[in-house]
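Participant:
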Amino acid sequence: MLGALVLWVGASGCSRRVPEGTPAEQAVEDAPTVYVARRIRTLDAAKPEAQALAVRDGKVLAVGTREEVLAVAGATARVVELGDATVVPGLTDSHGHLAGLSQALASVRLEGTTSLEEVRQRLEKAPSTAHQGDWLVGQGWDQNDWATPRFPTLFDMGEHLKDTPVALWRIDGHALWLNGAALKRANITRDTKDPEGGTIVRLPEGDPSGVLIDNAMDLALKVLPPPTREQHEAHLRAALEHCARVGLTGVHDAGMDLRTFRLLQAWDKAGTLPLRVYAMADGQTDDRVQYLKDGPFQGKLLTMRAVKLLLDGALGSRGAALGAAYSDEPGHRGLLLLSPEEYAARVHAFVGRGFQVATHAIGDRANTLVLDTVLRELAATGTKDARPRVEHAQIMTAEDISRLGANGFVASVQPTHATSDMPWAQKRVGPDRIQGAYAWQKLKAAGAVLALGSDFPVERPDVLAGLYAARTRQDASGQPPGGWQPDQRLSGEEALEAFTAGAAYASFAEGQRGRLKPGMDADFVALSVDPVDAPPADLLTGQVRLTVVAGREVFRADAK
Ligand SMILES: [Zn+2]
1 MLGALVLWVG ASGCSRRVPE GTPAEQAVED APTVYVARRI RTLDAAKPEA QALAVRDGKV
61 LAVGTREEVL AVAGATARVV ELGDATVVPG LTDSHGHLAG LSQALASVRL EGTTSLEEVR
121 QRLEKAPSTA HQGDWLVGQG WDQNDWATPR FPTLFDMGEH LKDTPVALWR IDGHALWLNG
181 AALKRANITR DTKDPEGGTI VRLPEGDPSG VLIDNAMDLA LKVLPPPTRE QHEAHLRAAL
241 EHCARVGLTG VHDAGMDLRT FRLLQAWDKA GTLPLRVYAM ADGQTDDRVQ YLKDGPFQGK
301 LLTMRAVKLL LDGALGSRGA ALGAAYSDEP GHRGLLLLSP EEYAARVHAF VGRGFQVATH
361 AIGDRANTLV LDTVLRELAA TGTKDARPRV EHAQIMTAED ISRLGANGFV ASVQPTHATS
421 DMPWAQKRVG PDRIQGAYAW QKLKAAGAVL ALGSDFPVER PDVLAGLYAA RTRQDASGQP
481 PGGWQPDQRL SGEEALEAFT AGAAYASFAE GQRGRLKPGM DADFVALSVD PVDAPPADLL
541 TGQVRLTVVA GREVFRADAK
């Protein structure tokens with residue numbers, strides 16, 4: 001044994017963050033650390049598999065057999081034995097919402113409720129972190145999971161809350177359910193008109209039902225007291241730690257508010273940001289004015305060089321903009337959240353300022369509009385290597401799939417959306433349009449680079465669950481047999497590539513990250529399970545043993 005200091009990272013069930021003053025941080029500054037594992041999947045075609053990896057100054061120094069790497073690292077190297085773990089390049093969630101995750105972790109969690117009664121019970125046991133001012137906030141309800149799958153109303157929330165304003169986000173973040181006290185605070189009455197791109201759901205007599213969809217949510221959000229500075233910091237810190245714990249070395253934040261960005265900038269400067277964050281400016285709100293003024297930003301782990309625009313709603317709430325009517329709601333085509341002119345104006349402004357354009361487009365009509373608008377703008381300005389992103393690219397015509405692939409777009413897709421939506425997606429769009437829905441292999445075949453994510457907090461930021469869904473297109477109980485639209489499944493290599501190298505490409509970082517070879521950033525994860533060749537079901541019980549970002553261990557499961 002050449003190493004002076006040997007650590008074991010074991011597989012105990014409980015886990016913790018690495019506290020300060022562990023050997024990892026006491027290690028001699030410039031002495032390399034060597035990680036030894038059963039298998040290292042480098043995703044480097046020249047040397048796809050290895051057993052050891054040396055790290056120095058945040059970069060990969062050497063990759064190879066144990067002997068080869070120890071020879072390069074020298075006698076002073078610290079050696080970390082990872083036992084039977086599999087090491088993969090840093091896993092990145094290409095589409096998540098850190099502020100949303102912060103809020104979700106702090107608020108009343110309503111995911112998985114099977115009835116309104118269960119919602120009321122969870123509200124009764126609300127944690128103290130779930131208050132903003134005197135409002136109670138929650139998130140995660142989905143009427144499709146309830147015995148009576150209809151939208152709830154203000155009357156469904158429970159008597160004991162009649163004096164407390166309550167705001168509860170639907171799981172997809174595209175609808176907000178208020179009680180009577182909250183409607184009153186927001187001054188929403190039967191006379192309030194639907195804003196453009198939004199709907200105030202109404203009772204048969206015309207009074208507001210309590211549910212606000214898409215742009216109508218702003219009527220309530222503008223009177224909802226924001227979290228205090230202390231709450232914001234504590235919740236955001238908890239969200240980042242959560243991401244490290246589930247094996248993420250990076251997150252692409254799909255539409256960051258300015259307040260969160262400023263806080264992350266301060267943490268990045270102070271060296272306390274644990275993960276890489278590729279932030280997309282929120283192009284939907286007034287924050288965009290400041291972002292345009294400031295232009296792109298490159299910090300140590302924090303990057304801001306993309307803008308996120310939101311063109312339509314979600315399929316679940318029938319807010320996705322379709323070219324023809326919904327198959328299960330005649331005459332209804334969904335909503336465009338920005339007019340084509342306004343969208344074009346924002347694309348123009350951000351492209352001119354050097355930002356990458358990332359557009360949320362779920363329905364086929366929204367996807368066509370993204371392609372038409374972005375291609376026209378890039379051609380007019382002669383912008384090269386723009387790598388425009390379509391976020392979700394969920395329901396697309398065959399022609400648009402070809403255009404997307406042929407024109408260098410990134411398809412930022414979420415495997416767990418497909419497995420969450422598969423029970424009802426075809427009802428919404430019918431048997432023909434479903435052929436271009438969640439069509440990962442078709443997108444790949446057309447030439448698009450896939451970047452995978454979860455859209456947390458809409459889905460859990462659990463990357464192993466994402467890899468499972470990508471490989472199987474089945475739910476956690478293995479349904480349906482063989483997978484939904486199984487020809488669109490990804491292989492283990494393809495899924496891993498899209499969570500690592502694909503994400504790096506989508507953020508212009510393929511030269512620094514996404515593969516493990518000398519000179520690349522030392523971002524990697526040790527897993528108890530091999531994401532490529534283990535039976536997919538093993539991914540659901542797999543554990544993250546170690547998360548390393550720029551050579552720093554930001555999460556480690558308890559040592560044996
Ligand atoms: Zn999103």
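Using the UniProt record's numbering, the first residue of the sequence shown is number 1, and each one after it goes up by one. For each residue, glycine too, the CB sits at the ideal point set by N, CA and C.
1. Report, in whole angstroms, the separation of the C-beta atoms of residue 154 and residue 210, which I expect to be a contact under 8 Å.
2. Could you spell out the range, first to last residue, of the alpha helix (DSSP H) harbouring residue 290?
3. Give the DSSP-derived three-state secondary structure of residue 171 in the structure shown.
4. Among the candidates 31, 44 and 430, whose CA atom is the shortest distance from the CA of residue 72?
5. Can we count residue 257 as close to ligand 1, meaning its CB is less than 7 Å from some heavy atom?
6. Using three-state DSSP, classify residue 284 as helix, strand or coil.
7. Counting Cβ pairs, one atom from each stretch, are 3 or more of them under 8 Å apart for the stretch 226-236 and the stretch 419-432?
8. Mind checking who residue 141 pairs with in its DSSP beta bridge?
9. Starting from residue 555 and walking both ways along the beta strand (DSSP E), at which residues does that stretch end?
10. Look up residue 153 in the DSSP assignment and say whether it is helix, strand or coil.
11. Between 423, 460, 470 and 388, which has its C-alpha nearest residue 245's C-alpha?
12. Report all residues for which the CB-ligand distance to some heavy atom of ligand 3 is below 5 Å; order them along the chain.
13. To which residues of the same chain is residue 402 closer than 8 Å at the C-beta, ignoring the five residues directly before and after it?
14. Can you tell me whether residue 308 is buried or exposed? The criterion is at least 16 other CB atoms within 10 Å of its CB, across all chains shown.
15. Would you identify the three-state DSSP class for residue 268, choosing helix, strand or coil?
16. On the three-state DSSP scale, how would you describe residue 508?
17. Quick one: what does DSSP say residue 89 is sitting in, helix, strand or coil?
18. Would residue 124 be called buried (16 or more neighbouring beta carbons within 10 Å of its own) or exposed?
19. State the start and end residues of the unbroken alpha helix (DSSP H) segment that holds residue 212.
20. Residue ranges of each alpha helix (DSSP H) run of no fewer than 4 residues wholly in the stretch 334-403, ordered along the chain?
21. Could you have a look at residue 97 and say whether DSSP puts it in helix, strand or coil?
22. Between residue 83 and residue 293, what straight-line distance do the alpha-carbon atoms span, to the nearest angstrom?
23. Indicate whether the contact test is met: 3 or more Cβ pairs, each with one atom in the stretch 74-94 and one in the stretch 30-50, closer than 8 Å.
24. With the cut-off set at 8 Å, would you say residue 135 and residue 236 are in Cβ contact?
25. Let me check understanding here. Comparing Cα to Cα, which of 548, 530 and 516 lies closest to residue 46?
26. When you compare each of 551, 378, 110 and 544 to residue 248 by their alpha carbons, which one comes out closest?
27. Can you give the Cα-Cα distance for residue 167 and residue 113, rounded to whole angstroms?
28. Starting from the Cα of residue 524, find the closest Cα among 486, 116, 275 and 468 and give me that residue.
29. Starting from residue 231, follow the alpha helix (DSSP H) in both directions and report where the run begins and ends.
30. Give a yes or no on contact between the stretch 256-273 and the stretch 285-304, applying the rule of three or more CB pairs nearer than 8 Å.
31. Excluding the 5 residues flanking residue 436 on each side, which residues of the same chain have their C-beta closer than 8 Å to its C-beta?
32. Expressed to the nearest angstrom, what Euclidean distance is found between the alpha-carbon atoms of residue 572 and residue 169?
33. Rounded to the nearest angstrom, how far is the Cβ of residue 278 from that of residue 311, given a contact under 8 Å?
34. What do you reckon, are the CB atoms on residue 126 and residue 106 nearer than 8 Å?
35. Say whether the stretch 403-420 touches the stretch 466-476, bearing in mind that this needs 3 or more beta-carbon pairs closer than 8 Å, one atom from each stretch.
Facilitator: Reading it off the structure:
1. 3 Å
2. 287-294
3. coil
4. 31
5. no
6. coil
7. no
8. 170
9. 552-557
10. coil
11. 460
12. Ligands displayed in this structure: ligand 1; ligand 3 is not among them.
13. 446
14. buried
15. helix
16. coil
17. strand
18. exposed
19. Taken as a continuous stretch (DSSP letters only), residue 212 belongs to no alpha helix (DSSP H), being part of the beta strand (DSSP E) at 208-214.
20. 340-352 and 364-381
21. coil
22. 50 Å
23. yes
24. no
25. 516
26. 544
27. 16 Å
28. 275
29. 229-245
30. yes
31. 364, 395, 396, 397, 398, 400, 401 and 442
32. In the structure as shown, the chain begins at 1 and stops at 560. Residue 572 is therefore absent and cannot be evaluated.
33. So it is not a contact: roughly 21 Å between Cβ atoms.
34. no
35. yes
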